[in-house]
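Residue numbers (my numbering): 13 to 431.
Glycine included, every Cβ here is placed at the ideal spot set by N, Cα and C.
Okay, here's the thing in structure tokens:
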């Protein structure tokens, strides 16, 4: 269970990581800087940020930004708004307050989602909210005021049901208050409007897993897979995928996901150290080698790529069931059978037609065993009902090879059944 709680701590740290550093860097009295300057004219600050938001929306409409890039830029914009708000915002009371006793050390976890909600209201409805209204006399928001903001957003969504970002913000707000069932319903509305938003899908999976008694199998895992299909390097989705694999005792898959997550993190960060601990535990379950330091995963070598399509033989398509998992992997033609590259997707797509794939060094399960290091490999695909990377009787299977790394336009047919 340590790996589960390590992942929980990782996700909690990640949720605050993007907001807390700007607060900690807030300049004190007598110091100068851009934040202090903008604090003197909140209307100008908000106007500039709204103008930038309009530019981002226009770039998305013109196709100059992908949905994921647009979401990332918008998140950065919201964080800058939080930095630039004057001392009437909730974070200002947090920055200027004396040290708090342990009993109220959880306050930032409630204040920061509320501050984000206030930012959303300001950016989404410029004329409907007074920037000074959330607080009076520079004091932090009370729980009652925060609940009121959430209620106002819920009321607005009754008349604006197509506001995906509004539903996402409502879901996050419900989550911060422990209203997980309500959060799951709000996430469901948001996901219907933005089915390819990896941030949204990962958040939804996280909450739905909590509602289901900390179980990520089924619908939560489908959401995680969808998030990774849209962003294979999404940190939260990788963390959740690793936790799901660990909980079903698929330690090889957990190791793969957590090592991919490790490669996205700053080597000496707290989050990276937590991931290293989880990797070490997965390695111990496998009886494997020591954990490689964070940041050692190599970039794909030139030509060290396998790409093509996987399809299922017509006589086996009827065996595919909802929730089945398709593993596509390459292993050394000679030597250990552990994959040197692996990808995991929902098997439902394979029932409908060919599934495109690309394997390279970023798909490695272990940093010291990569596709680019192999002279010849065997390409394989397997559909698992259990979601476990270890073959089991009844799994659908197909192989191709030996192949040299760099082969492309491959066609792999799943035409066999594991006895």
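Residue 425 to residue 218 span [Cα, whole Å]: Here residue 425 corresponds to residue number 413 of the chain shown, with the count starting at 1. Here residue 218 corresponds to residue number 206 of the chain shown, with the count starting at 1. Computed Cα separation, rounded: 34 Å.
Work out the CA separation of residue 175 and residue 289 for me, nearest whole Å. Reading the chain shown from its first residue, position 277 is the one you call residue 289. Reading the chain shown from its first residue, position 163 is the one you call residue 175. Rounded to the nearest angstrom, the gap between the Cα atoms of residue 289 and residue 175 is 40 Å.
Beta carbon proximity, residue 385 to chain E, threshold 8 Å: Protein chains in the displayed structure number just one, and chain E is not present.
Locate the beta strand (DSSP E) running through residue 321, then write down its first and last residues. Counting from 1 along the chain shown, the entry for residue 321 is found at position 309. Looking at the DSSP string, the run of the beta strand (DSSP E) that includes residue 321 is 318-324.
Please state if the CB of residue 284 and the CB of residue 444 are separated by a distance shorter than 8 Å. In the structure displayed, the chain extends from 13 to 431; residue 444 sits before or after that span and is not available.
Hey, could you find the ends of the beta strand (DSSP E) residue 426 is sitting in? Start at 1 with the first residue of the chain shown, and residue 426 comes out as number 414. Looking at the DSSP string, the run of the beta strand (DSSP E) that includes residue 426 is 422-426.
With a threshold of 7 Å (Cβ to nearest heavy atom), would residue 225 be considered close to the ligand NAD? As for the ligand NAD, it is missing from this structure, which has no ligand bound.
Could you check what DSSP says for residue 341 in three-state terms: helix, strand or coil? The residue you call residue 341 lines up with position 329 of the chain shown. It is a strand residue.
For residue 382 and residue 353, I'd like the C-alpha separation in whole angstroms. In the chain shown, the residue the question calls residue 382 occupies position 370. In the chain shown, the residue the question calls residue 353 occupies position 341. If I take the Cα positions, the gap works out to 7 Å.
Can you tell me the Cβ-Cβ gap for residue 256 and residue 223, rounded? I've got them flagged as a contact below 8 Å. Here residue 256 corresponds to residue number 244 of the chain shown, with the count starting at 1. Here residue 223 corresponds to residue number 211 of the chain shown, with the count starting at 1. No, residue 256 and residue 223 are not in contact; Cβ-Cβ is about 15 Å, not under 8 Å.
Mapping DSSP to helix, strand and coil, what is residue 394? Residue mapping note: residue 394 aligns to position 382 of the chain shown, counting from 1. For residue 394, the three-state secondary structure derived from DSSP is strand.
Let me confirm a value: residue 195 is counted as buried when at least 16 other C-beta atoms fall within 10 Å, else exposed. Which label applies? Here residue 195 is taken as the residue at index 183 of the chain shown, counted from 1. Under this definition residue 195 is a buried residue.
Closest Cα partner of residue 229 within the set 369, 405, 351 and 397: By one-based count along the chain shown, residue 229 stands at place 217. For the residues 369, 405, 351 and 397, the minimum Cα distance to residue 229 belongs to 397.
Using C-beta distances below 6 Å, list every residue in its chain close to residue 427, excluding the 5 sequence neighbours before and after it, in chain order. Within the chain shown, the letter at position 415 stands for residue 427. Same-chain partners within the cutoff: 325 and 410.
Outcome for residue 420 when other beta-carbon atoms lying within 10 angstroms are tallied against a minimum of 16: Taking the chain shown and counting its residues from 1, the one referred to as residue 420 is at position 408. Answer is exposed; the Cβ neighbour count stays below 16.
Based on Cα-Cα distance, which residue from 180, 320, 296 and 327 lies nearest to residue 205? To locate residue 205, count along the chain shown from 1; it is residue 193. For the residues 180, 320, 296 and 327, the minimum Cα distance to residue 205 belongs to 180.
Residue 368 bridges to which residues according to DSSP? Counting from one through the chain shown, the residue named residue 368 turns up at place 356. Beta-bridge partners of residue 368 (DSSP): 321.
Applying the criterion that 16 or more other CB atoms from any shown protein chain within 10 Å of the CB defines a buried residue, is residue 170 buried or exposed? Sequence index remark: in the chain shown, residue 170 carries index 158 (1-based). By the 10 Å Cβ count, residue 170 comes out exposed.
For residue 161, list the residues DSSP reports as bridge partners. For the purposes of this step, residue 161 is taken as residue 149 along the chain shown, with counting starting at 1. For residue 161, which the question treats as bridged, DSSP gives no partner whatsoever.
Can you tell me whether residue 356 is helix, strand or coil according to DSSP? In the chain shown, the residue the question calls residue 356 occupies position 344. The DSSP-derived three-state label of residue 356 is strand.
How far does the beta strand (DSSP E) with residue 415 in it extend, from its first residue to its last? Counted from its first residue, the chain shown places residue 415 at position 403. Taken as a continuous stretch (DSSP letters only), the beta strand (DSSP E) holding residue 415 covers 408-415.
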